[in-house]
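Following the numbering used here from start to finish, the sequence shown increments by one per residue and tops out at 347. The beta-carbon is built from N, C-alpha and C at its ideal position, and this holds for glycine as well.
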Amino acid sequence: MSFKTWRRRGKKGIPKIKLSYKTKFVLLEIVYGAILGSMSFVTAFLIAEFSVWVFLQWMFAVERILMLYYLFFALINGLFFFIPIYNRRPIQLIAAAVLVVAVYVLLIKRFSFDPIITVFGPPNY
């Protein structure tokens, strides 16, 4: 019995692209940054929206609610961004920050998102 029958006869697949180590490292850091940015955005967005609900219950002025919403959104994202800062991963930090800013600008410009009216409607007071 020949072992040649067990081998693959022809390579009929996608040819492998050989990348250098630095290219693989940068691409992997960008992917990790995108994952971190998406987790950061979702968490900060939900916490900031919860704070809007709390401030509506406390009957704060609309301007103050918006200011505190952006403050909480930035602080929570900043807490997440300390991970790549502490680990000295600048590419990961840049990728995460670009993703968060791009998604938020898309949310505001394209979908005309307002933190108060879109989710909770106009204030009753």
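- The three-state reading of DSSP puts leucine 258 in helix, counting H, G and I together.
- Contact check for phenylalanine 302 and alanine 270: beta-carbon distance about 13 Å, past the 8 Å limit, so the pair fails to qualify.
- One Cα belongs to leucine 315, the other to alanine 324, and the distance between them is close to 14 Å.
- Cα atoms of isoleucine 287 and valine 276: separation of roughly 9 Å, rounded to the nearest angstrom.
- Of all alpha-carbon atoms in Pro306, Ile339 and Asn346, the one lying nearest the alpha-carbon of valine 253 is that of Pro306.
- Between serine 262 and asparagine 299, the CB-CB gap stays under 9 Å.
- Leucine 329 carries a helical assignment under DSSP once its states are collapsed to helix, strand and coil.
- In the assembly as shown, glycine 235 is an exposed residue. Its beta-carbon has fewer than 16 other beta-carbons within 10 Å.
- By alpha-carbon distance to proline 337, the top candidate from Leu290, Ser242, Leu297 and Ile257 is Leu290.
- Here the C-alpha atom of alanine 256 lies approximately 6 Å from the C-alpha atom of leucine 321.
- Following the DSSP letters along the chain, one finds leucine 241 in no alpha helix (DSSP H), marked with neither H nor E.
- Under the three-state reduction of DSSP output, phenylalanine 335 falls in the coil class, being neither helix nor strand.
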